[in-house]
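In the working numbering, the protein residues as written are 804 to 1045.
Since the structure comes first, as structure tokens, the remarks are kept for the end.
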Ligand SMILES: [Mn+2]
């Protein structure tokens, strides 16, 4: 835990510095636990600006486990919970404050593989969850619009939403398209759904930080997941077909 805290702090400082310099911070991984640091850094940036931000989390999994609920003990199953202030204090209170983001300002998109305890944690947390079934039924466009609307009108007299952090776990994509991940789960996003989601978020002009994580080159096939990750970053940065 102390080592993870140390690395998270370094990531947080790097992300905040990049944002303060007016650039978009892109954090590449590796393990999704790096979002503990990147979201802490983004949160500290918006806090100093006295502005509100939201988190759009793409994942096959909830990543909302706690040390008590986790069956594996893997910290990469906990970063969302930690950002919401749930979990080990040494990580939730990084930079001296918690939570890093209000649950009502968060959406979790693409979930299909949850632990029993996570289902309860998602319901209790107040985040806005969108399962694969929601995407099937509403389309990715509908899901993103609903997620943004929920974040914007999260509380009655809340300040307007000014920034978005996108945390993108490559395992949200179907393993047929993105095999280079460690915890694959069938029935995920198509190639176009993945790009469409990020194009719509880029259109808001509010994305100032993002994570692209869980790339596992040892499981990739002909580098296709790594190359897809690069293409996805371009969509986050606003690349459009026309
Ligand atoms: Mn994840």
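Ideal Cβ placement from N, Cα and C applies to all residues, glycine included.
Please read these numbers as outputs of a predicted model, since none were measured by experiment.
DSSP three-state call for residue i: helix, strand or coil?
i: residue 930; result: coil
i: residue 866; result: coil
i: residue 1017; result: coil
i: residue 1002; result: helix
i: residue 883; result: helix
i: residue 1041; result: coil
i: residue 1032; result: helix
i: residue 898; result: helix
i: residue 924; result: helix
i: residue 981; result: coil
i: residue 815; result: helix
i: residue 961; result: coil
i: residue 988; result: coil
i: residue 904; result: coil
i: residue 889; result: coil
i: residue 997; result: helix
Hey, quick one: how far does the alpha helix (DSSP H) through residue i stretch, first residue to last?
i: residue 971; result: Careful: residue 971 lies outside any alpha helix (DSSP H), inside the beta strand (DSSP E) at 964 to 972.
i: residue 824; result: Counting along the chain, residue 824 falls outside any alpha helix (DSSP H), and DSSP gives it neither H nor E.
i: residue 840; result: 837 to 852
i: residue 892; result: 892 to 895
i: residue 859; result: Element bounds for residue 859: not the alpha helix (DSSP H) but the beta strand (DSSP E), 855 to 861.
i: residue 947; result: 935 to 955
So residue i packs on residue j, CB below 8 Å; how close in whole Å?
i: residue 1032; j: residue 1018; result: 6 Å
i: residue 880; j: residue 873; result: 6 Å
i: residue 1047; j: residue 878; result: This structure cannot settle anything about residue 1047, because the visible part of the chain is limited to 804 through 1045.
i: residue 1016; j: residue 972; result: 6 Å
i: residue 988; j: residue 916; result: 4 Å
i: residue 954; j: residue 910; result: 7 Å
i: residue 913; j: residue 992; result: 6 Å
i: residue 861; j: residue 975; result: 4 Å
i: residue 966; j: residue 849; result: 6 Å
i: residue 890; j: residue 870; result: 7 Å
Whose C-beta lies closer than 7 Å to the C-beta of residue i among residues of the same chain, with five residues either side of it excluded?
i: residue 961; result: 855
i: residue 937; result: 946
i: residue 885; result: 839, 894 and 895
i: residue 853; result: none
i: residue 906; result: 887, 928, 929 and 930
Leaving out five residues before and five after residue i in sequence, what residues of the same chain have Cβ atoms less than 6 Å from its Cβ?
i: residue 920; result: 872
i: residue 994; result: 980
i: residue 1002; result: 1038
Going by beta carbon distance, what residues of the same chain come within less than 8 Å of residue i, once the five residues before and after it are set aside?
i: residue 833; result: 1016, 1017 and 1018
i: residue 1110; result: An answer regarding residue 1110 cannot be provided, because it is not within the stretch 804 to 1045 covered by the chain.
i: residue 836; result: 807, 811, 878, 879, 881 and 882
i: residue 923; result: none
i: residue 985; result: 974, 1017, 1019 and 1022
i: residue 813; result: 840
When the cut-off is 7 Å and only beta carbons count, does residue i lie next to chain D?
i: residue 1017; result: Among the chains in the structure shown there is no chain D, since it carries only a single protein chain.
Along the beta strand (DSSP E) that carries residue i, what are the first and last residues, could you check?
i: residue 910; result: 909 to 914
Inter-stretch contact (C-beta, 8 Å, three-pair minimum) for the region 1009 to 1019 and the region 899 to 910
Remark: fewer than three beta-carbon pairs, one from each stretch, lie closer than 8 Å, so the region 1009 to 1019 and the region 899 to 910 are not flagged as touching.
Just checking, does the region 997 to 1008 make contact with the region 1034 to 1045 on the three C-beta pairs under 8 Å criterion?
The region 997 to 1008 vs the region 1034 to 1045: in contact.
Contact between the region 923 to 933 and the region 949 to 957: three or more CB pairs below 8 Å?
Segments in contact, yes.
Does the region 841 to 853 come close enough to the region 820 to 828 to have 3 or more Cβ pairs within less than 8 Å?
Yes, the region 841 to 853 touches the region 820 to 828.
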